[in-house]
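Student: The structure's right below; bear with me while I get my questions together.
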Amino acid sequence: MMFLFNGIRAEVEPVPGEEGWYQLTGKHIQRWTMDVADTAGDLLSCNVEINCNARIRGIHSWDPEIELRDPRFNHENDEENASFFVYTERGDGRTYMILAVNQAEYAIFRHLVPHESGEEDEYDPIEDYRLDAPVAKKAPAKKPAAKKAKATA
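Numbering (this note's numbering), first residue to last: 12 to 164.
What follows is the structure, encoded as structure tokens:
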């Protein structure tokens with residue numbers, strides 16, 4: 012069982028020539044503070060199509076067992092119990108992936124990917140994940156100077 016309390020929304024785009032496959036654009040990445048399954052239900056009630064069977068390069072392409080073992084990507088993930096899906100936003104026409112993540116995954120994601128500014132800072136200040144100033148590095152220890160041997164004549 013996984014505790015998936017956090018969510019991430021990130022822009023994706025179709026992989027050319029690969030039906031059902033998407034790739035991250037590296038843009039429009041943000042924390043998703045609403046429940047992922049509730050979001051799927053809300054979108055469906057507004058007649059927005061969601062794809063719970065989409066595949067993401069870098070996730071599904073690395074290890075085929077991820078679809079067998081991870082409930083976000085196997086038969087347990089469906090429209091009624093969505094923890095991962097792809098949809099296209101009506102307003103801006105962008106395609107997004109919404110993925111439920113556990114706290115460890117989110118902390119890594121939060122550190123590696125700069126988030127867009129906005130309301131999320133109220134929910135998830137970066138100070139929870141890193142110090143403002145970098146930790147000072149210790150200077151390397153100096154090796155003691157070798158003693159010179161006295162020359163004897």
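No residue lacks a Cβ here, since even glycine has one placed at the ideal position from N, Cα and C.
1. Would you check if there are 3 or more beta carbon pairs closer than 8 Å linking the segment 63-72 to the segment 25-39?
2. Quick one: Cα of GLN41 to Cα of ALA21, how far?
3. Mark LEU110 as exposed unless 16 or more other C-beta atoms lie within 10 angstroms of its C-beta, in which case mark it buried.
4. Could you give the residue range of the alpha helix (DSSP H) that holds THR50?
5. Going along the chain, which residues of its own chain have a beta-carbon closer than 6 Å to the beta-carbon of ASN88, five neighbours each way excluded?
6. Roughly how many angstroms separate the alpha carbons of MET45 and GLU76, rounded to a whole number?
7. Using a Cβ-Cβ cutoff of less than 6 Å, which residues in the same chain neighbour THR106 once the five nearest sequence positions on both sides are dropped?
8. Specify, as a first and last residue, the run of the beta strand (DSSP E) that ILE19 falls within.
9. To the nearest angstrom, report how far apart GLU131 and ARG80 are at their CA atoms.
10. Please report the distance separating the alpha-carbon of GLU60 from that of LEU54.
11. Please list, in chain order, all residues of the same chain as TYR117 whose beta carbon is under 6 Å from its beta carbon, the five residues on each side excluded.
12. Tell me the DSSP secondary structure of ARG42 in three-state form.
13. When we look at the beta-carbon of ILE119 and count the other beta-carbons within 10 Å, is it buried (16 or more) or exposed?
Tutor: Checking against the coordinates, here is how it stands:
1. yes
2. 6 Å
3. buried
4. 47-56
5. CYS63, SER94, PHE95
6. 28 Å
7. VAL23, THR99
8. 17-25
9. With a pLDDT of 49 at GLU131, under the threshold of 50, the modelled position of this residue cannot be trusted, and the question is left open.
10. 7 Å
11. ASN17
12. strand
13. exposed
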